[in-house]
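Quick notes on the structure that follows.
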Amino acid sequence: MFDLLVNPAPKHDESLSGYLHRLGDCNGLWNGEVIKLFKDLTDEQASKWLDEDIRPVSWKDVALEIRAPQFNIQNVWSLINIKYCPVCLAGGFYWRELWDLTLYTTCIVHNVNLVYKCPMCQEKSTLKLLTTKCCDKCQHPVFETLEPDRLVDEFRIWISAELEKRLRHGRDKNLEGIDSLTYQQFNFLAIRLGVRVISLRCFMNMIVVSTVFRDVAPDLAVAAGEMFLGWPKTFHSLLTDLKRQRASSHPWKLGLAFGPIYNDVYLSLIDQCYDFIRSEFEKYVIRYWEGP
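For the sequence shown, the residue numbers in this note's numbering are 1 to 292.
Next comes the structure, spelled out in structure tokens:
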């Protein structure tokens, strides 16, 4: 398809963007030329290439992100703010598809937090690591990564495990509520609720998430994991805290009393799969609302 001399087979769990960089490296193309070639393919050519052999499960979804990126403050895939498990990378030098999931922030194989930047100079990591095997800025060798951060948060690793399970096996139509969501739906809900939880202790909204995502993704994973594992009690507690935070502002109007989460429930989370969110919100209002 790309008329390249060397065409290695992709690993079973390899990232599409990582494979395209590795493909370029195998053919002496080190400046993202293969990514550009992939973007220049017609839709028919890209589809044909993706269907040629058995491909990792994420490739068709990620292909859309690479070929036609769109501004979305709740991206499932994060191809700009990249991260990796140093233990995985040392064991097999290719990029795992799970690392590209925005809220996959902890390696569930090695129980270590993923690395966003060089441990020596703090420079943001890039996929050039696959070619240079060292930091772009200080040339610190990736194989000499300092001891991985093993202070793993239980909520982060739970979110990572849930994302992998849903990516690999899809949704279970026999389940209900959170357990019934696809990985895309799960991600959408996790980020939105995570933002509302964090907003209780510092300024946070969806715009902030879109501009500094590399820094807040682990915090969002913690907040969402805690929310989901304690459901629905934690959701009711969140509503109480949000209402208390806005107690002096229009207390007798539901939308204004609860703030942005009211719009989340009735305007953003409109798909049928999120009906259980509306159900819990309405149960809370029936039980605790005081006023007209």
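Ideal Cβ placement from N, Cα and C applies to all residues, glycine included.
Within the same chain, and ignoring the five residues on either side of Ile277 in sequence, the residues whose Cβ sits closer than 7 Å to its Cβ are Val265, Leu269. Take Ile178, set aside five residues on each side of it, and the residues of its chain with a beta-carbon closer than 8 Å to its own are Phe186, Leu189, Phe228, Trp231, Phe276, in chain order. Boundaries of the alpha helix (DSSP H) around Trp59: 59-67. Taking Cys118 as reference, the option from Glu144, Ser248, Leu98, Thr105 with the minimal CA-CA separation is Glu144.
Here the C-alpha atom of Leu127 lies approximately 10 Å from the C-alpha atom of Asp136. With a minimum length of 4 residues, the unbroken runs of alpha helix (DSSP H) contained wholly in the region 68-147 fall at 86-91, 129-132. In this structure, the CA atom of Tyr288 is about 22 Å from the CA atom of Tyr274. In this structure, DSSP gives Glu176 a state outside helix and strand, which the three-state scheme calls coil. Leu129 is positioned such that its CB atom lies closer than 7 Å to that of Val142.
In this structure, DSSP gives Glu52 a state outside helix and strand, which the three-state scheme calls coil. Where Lys11 is concerned, there is no enclosing alpha helix (DSSP H), because DSSP gives it neither an H nor an E. Residue range 154-169 is occupied by the alpha helix (DSSP H) that includes Ser160. Here Leu239 is actually not in contact with Tyr183; their C-beta atoms are around 26 Å apart, not less than 8 Å.
Around the beta carbon of Trp252, fewer than 16 other beta carbons sit within 10 angstroms, so the residue counts as exposed. Contact check for Met120 against Cys107 fails: the beta carbons are separated by 7 Å or more. Between Trp95 and Ser160, the CB-CB gap reaches or exceeds 7 Å.
Annotated three-state conformation of Ser237 is helix, per DSSP. By the Cβ neighbour-count rule, Val209 is buried, with 16 or more other Cβ atoms within 10 Å of its own. Ranking Val216, Glu290, Thr131, Leu4 by CA distance to the CA of Asn31 puts Thr131 first. In the DSSP assignment, Ile277 falls within the unbroken alpha helix (DSSP H) covering 275-288. Between the C-alpha atoms of Gln245 and Glu176 there is a straight-line separation of about 31 Å. Spatial neighbours of His21 in its own chain (CB-CB distance under 6 Å, excluding positions within 5 residues in sequence) are listed in chain order as Leu127, Leu130. When the beta-carbon positions are compared, Lys83 and Leu114 come within less than 7 Å of each other.
Under the 10 Å beta carbon count, Asp149 is surrounded by fewer than 16 other beta carbons and is classified as exposed. A straight line joining the alpha-carbon of Val6 with that of Lys133 spans about 20 Å.
If you compare the alpha carbons of Ala224, Gly92, Pro86 with that of Leu163, the shortest gap goes to Ala224. With respect to the C-alpha of Asp3, the residue from Trp158, Ser78, Glu33, Asp13 having the closest C-alpha is Glu33.
Listed in chain order, the non-local C-beta contacts of Arg156 below 8 Å within the same chain comprise Thr105, Thr106, Asn113, Pro218, Ala221, Val222, Gly225, local neighbours out to five positions each way being set aside.
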